[in-house]
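If you count by this note's numbering, then the sequence shown holds residues 322 to 423, one letter each, in order. Let me begin by presenting the structure, written as structure tokens, before commenting on it.
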Amino acid sequence: SRRSSSALQTLGGGILTAAPWLMKGLSVAGTAAMFLVGGGILVHGIGPLHHAVQDALAGSSGFLAGLAEMALNAGFGVLAGAITLGAVTLFGKLRGGHGAHA
């Protein structure tokens with residue numbers, strides 16, 4: 322009983338120690354996933370852009386082609402995010418606000 326309790330306390334302490342790193346890792350992975358998915362939606366939703374990406378990757382196949390497509394999708398996602406951030410920031414300055422709820 323004491324061994325079980327001690328083992329559980331050690332396990333619990335390990336979980337508490339790892340929790341901040343786990344949460345940071347999940348936030349980074351989640352942000353990257355949003356850029357990948359958002360960029361993919363944009364690329365697939367804009368016909369000429371989708372065809373340009375497919376044409377650029379036509380000579381490659383397999384793992385590297387998939388990796389390159391994900392990198393392009395992420396790049397378009399980051400670009401769209403930067404444009405959106407700039408527009409929202411500019412709108413806020415033109416409006417005269419000092420924060421999200423100003």
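Note that the Cβ used here is the ideal one computed from N, Cα and C, for glycine as well.
key: Per-residue DSSP class, three states only, for residue 381   = Three-state result, residue 381: coil.
Where does residue 374 land, buried or exposed, given buried means 16+ other C-beta within 10 angstroms?
buried
Using alpha carbons as the reference points, say which of 369, 404 and 355 lies closest to residue 391. 355
ask   = Would you report the Cα separation of residue 324 and residue 333, rounded to the nearest angstrom?
value = Between the alpha carbons of residue 324 and residue 333 lies a distance of about 14 Å.
**Asked** How long is the line joining the alpha carbons of residue 362 and residue 352, rounded to whole angstroms?
**Response** 15 Å
Exercise. Which of the three DSSP states, helix, strand or coil, is assigned to residue 423?
Worked result: Summary for residue 423: the model assigns pLDDT 49, below 50, so the residue's position carries little reliability, and this model does not support an answer.
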